[in-house]
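Visitor: Going by our numbering, the first residue of the sequence shown is number 10, and it counts up by one from there. Encoded as structure tokens, here's the structure I'll be asking about.
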Amino acid sequence: MNENKEYFVKEEDFIVSKTDVKGKITYCNQPFLKIVGATQEQLLHKPHNIIRHPDMPRIVFKLLWERIKAKQEIFAFVKNKSFDGGFYWVFANITASLDANGEIIGYYSVRRKPNPDGVKFIEGVYRRLLEAEKSGGMEASSKLLGQILAGAGVSYDELVHKLQRGQI
10 MNENKEYFVK EEDFIVSKTD VKGKITYCNQ PFLKIVGATQ EQLLHKPHNI IRHPDMPRIV
70 FKLLWERIKA KQEIFAFVKN KSFDGGFYWV FANITASLDA NGEIIGYYSV RRKPNPDGVK
130 FIEGVYRRLL EAEKSGGMEA SSKLLGQILA GAGVSYDELV HKLQRGQI
């Protein structure tokens with residue numbers, strides 16, 4: 010395992026995956042396969058959280074799932090694992106895929122290179138959220154996230170967009 014090996018998304022790459030309604034991967038593009046270091050056979054029909062990094066606070070995924078199940082898009086800085094134990098950061102956009110009747114049939118995520126300064130900032134936030142989760146569970150993490158956002162005078166969406174644009 011090479012847990013300290015960081016991989017970087019290329020400026021021109023878009024990392025794309027689709028899942029079914031239960032979060033199992035139904036499609037992944039070549040840039041996704043390459044950065045994860047996997048084959049389609051190793052990823053298709055597996056839970057998307059197969060690449061979840063333990064440095065990611067659960068509150069971020071709770072917020073993500075609440076949004077996409079409500080058919081709202083969400084953007085997030087996400088740290089993922091590669092199959093060799095390394096990691097990479099992305100700026101992700103996740104949305105629900107809808108059928109002709111407006112019913113959710115799966116989820117679609119497009120990730121791109123994150124702003125490195127945004128990653129540095131969000132790493133500190135995520136560390137604090139993880140510590141809160143370890144001591145007080147999801148409720149403590151959620152409360153701390155609310156305090157961080159209120160202290161910065163921004164919504165979650167404003168924060169991630171400003172970080173990606175280099176405005177914080």
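The beta-carbon is built from N, C-alpha and C at its ideal position, and this holds for glycine as well. Quantities reported herein were computed from a predicted structural model and do not represent experimental measurements.
Which residues mark the beginning and the end of the beta strand (DSSP E) in which L107 is found?
Guide: Per DSSP, L107 belongs to the beta strand (DSSP E) from F96 to L107.
Visitor: Return the first residue and the last residue of the beta strand (DSSP E) that I131 is part of.
Guide: From DSSP, I131 is part of no beta strand (DSSP E) but of the alpha helix (DSSP H) over P125 to A161.
Visitor: From what residue to what residue does the alpha helix (DSSP H) around V169 run?
Guide: Looking at the DSSP string, the run of the alpha helix (DSSP H) that includes V169 is Y165 to R174.
Visitor: Checking 9 angstroms against the spacing of the C-beta atoms, do K88 and H62 come in under that value?
Guide: Yes, the pair counts as a contact, with Cβ atoms nearer than the cut-off.
Visitor: Our contact map puts K55 next to G115 with C-beta atoms below 8 angstroms; I'd like the distance itself, whole angstroms only.
Guide: That belief does not hold up - the Cβ atoms of K55 and G115 are roughly 14 angstroms apart, past 8 angstroms.
Visitor: So, does the segment 63-76 touch the segment 146-162, judging by three or more C-beta pairs under 8 angstroms?
Guide: They touch, by the three-pair rule.
Visitor: By Cβ distance below 7 angstroms, which residues in the same chain neighbour Y36 in space, the five residues on each side in sequence not counted?
Guide: Answer for Y36: S26 and K27, listed in chain order.
Visitor: Can you list, in chain order, the residues of its chain with a C-beta nearer than 6 angstroms to that of G95? Leave out the 5 residues immediately preceding and following it.
Guide: For G95, where only same-chain residues beyond five positions count, the Cβ hits under 6 angstroms are N11, K14 and Y16.
Visitor: Here's the rule: buried if 16 or more other CB atoms are within 10 angstroms of the residue's CB, otherwise exposed. What is I129?
Guide: The sequence as given places Lys at residue 129; Ile does not occur at that position. Under this definition K129 is an exposed residue.
Visitor: To which residues does DSSP link P56 through a beta bridge?
Guide: According to DSSP, P56 bridges with K33.
Visitor: Is the separation between the beta-carbon of G127 and that of I177 shorter than 9 angstroms?
Guide: Yes.
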